Each structure stands twice: as C-alpha cells, then as structure tokens.
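A quick write-up on the structure given underneath.
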Amino acid sequence: MLVASEFPFKDIIGVEMSPVLAEYAARNATIIRRRFPDRTRINIVAENAVSYKPAAERTICFYYHAFGRETLEAFIKNLERRLGETAEHVFFIYSNPVYADVVDTSSCFARWSAEKVPYESREVGFGPDTYDCAVIWQSLPEQYPPLATAKRHVQVVRRTRAELDD
38 MLVASEFPFK
48 DIIGVEMSPV
58 LAEYAARNAT
68 IIRRRFPDRT
78 RINIVAENAV
88 SYKPAAERTI
98 CFYYHAFGRE
108 TLEAFIKNLE
118 RRLGETAEHV
128 FFIYSNPVYA
138 DVVDTSSCFA
148 RWSAEKVPYE
158 SREVGFGPDT
168 YDCAVIWQSL
178 PEQYPPLATA
188 KRHVQVVRRT
198 RAELDD
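Residue numbers for the sequence shown, in my numbering: 38 to 203.
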C-alpha cells in the first residue's frame, strides 16, 4: 500500500481480518500520511477479505500469497459476484502466485501480464531470492490487450514459492 500511495489512485484500502493487525496497519498509514501529505490516503478496514465489497467501479486488488487455496477460491468467487454490482473492471495482482490456477480457471478473469520483478538492491537479502514473480489478471470483458508475457507458465517450488518459465 505504501508503494501504491506513490501513484494517483483515488482510494487505497487495505483489508485486514484481524482487528489488532488492522490497528497496527492504520497507525502505519497515519505515519505515512504525516510524512507524505500529498500522497493518496491509505485507509484500513478490519474485515474478512472474502466478504469485502469493493466500492469503486474500477478496482485493483493486490495479493501476496497470504491465503490458502480455499480462501483464495472464496475471495475470487466474491470478486466474480461483485463484477457488475459495484465493480466495473478489476485488476487482480498476485505476487508469488502459488495458486495461479485458481484465477486462471475463473470464467470472469483473463491474464494480462506475468513478470519476474527484480528486488531493488537495498531489498536483496530480505526475501528468498533476488526477485518475485507476479501475475496480473483483468476482469472480462478485457479492456486492455494482454502483454506478450501473459501466458508464461507458473511453476510451484517448495509448495510456497512460485516461479515463471522464461
């Protein structure tokens, strides 16, 4: 969310199920707001992501492999229900997409991109490698043509790490 605040989004909303963790996140968001008052405000809601209703017509969801398969399936089903209700178009960004097949098999989403994202030099050593993989889907009907990288195969390594074929 911190990185998202560097861009001119209308809203940035973090959804955290634990009220305690949501409170910590809200405090951190307040610190960021004071330090960077011109950035988009980060709002935190204490709610189950599976039942969260995005209010925006155009929504970007970012997810870093935080749920198991069943929870991700329920989350995607919720997004599918919201399409046409409150959400007009959705981009779903999945970093370390271990369960990419869950989104790949959705009839409401199509891949838009699949990339290896290198760590910045000051980030090396804080993660398992020197890069992370990210796959981005967009809701159907597609509003933007997929990038050439969209069809890259996701391979799961060690059950908790996703890699993209070159």
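Cβ atoms here follow ideal geometry from the backbone N, Cα and C, with glycine treated the same way. These figures come from a predicted structure and were not determined experimentally.
In the structure shown, E200 falls within a strand segment according to DSSP collapsed to helix, strand and coil.
Apart from the 5 residues on each side of it in sequence, R106 sits with its Cβ closer than 8 Å to the Cβ of Y136 and V139 in its chain, given in chain order.
Each of R198, V52, E117 and E94 was checked against the Cα of P165, and the nearest Cα belongs to R198. The straight-line gap separating the alpha-carbon atoms of N115 and S132 is approximately 19 Å. Rounded to whole angstroms, the Cβ separation of E43 and R78 is 13 Å, and the two are not in contact under 8 Å. Fully contained in the region 115-141 are the following beta strand (DSSP E) runs of length 3 or more, in chain order: 126-132. Closest in C-alpha terms to I97, from the list V154, P134 and I50, comes I50. Contact between F146 and F129 holds, with the beta-carbon distance rounding to 6 Å and staying under 8 Å.
A check of alpha carbon separations from T123 across F112, E94 and T142 identifies E94 as the nearest. Following the DSSP letters along the chain, one finds E60 in no beta strand (DSSP E) but inside the alpha helix (DSSP H) bounded by residues P56 to R72.
Rounded to whole angstroms, A151 and I173 show a C-alpha spacing of 6 Å. Between A92 and D48, the C-beta spacing is below 9 Å. In this chain, the beta strand (DSSP E) harbouring N80 covers I79 to A83. Distances from the alpha-carbon of L39 to those of L201, N80, V161 and S158 put N80 closest.
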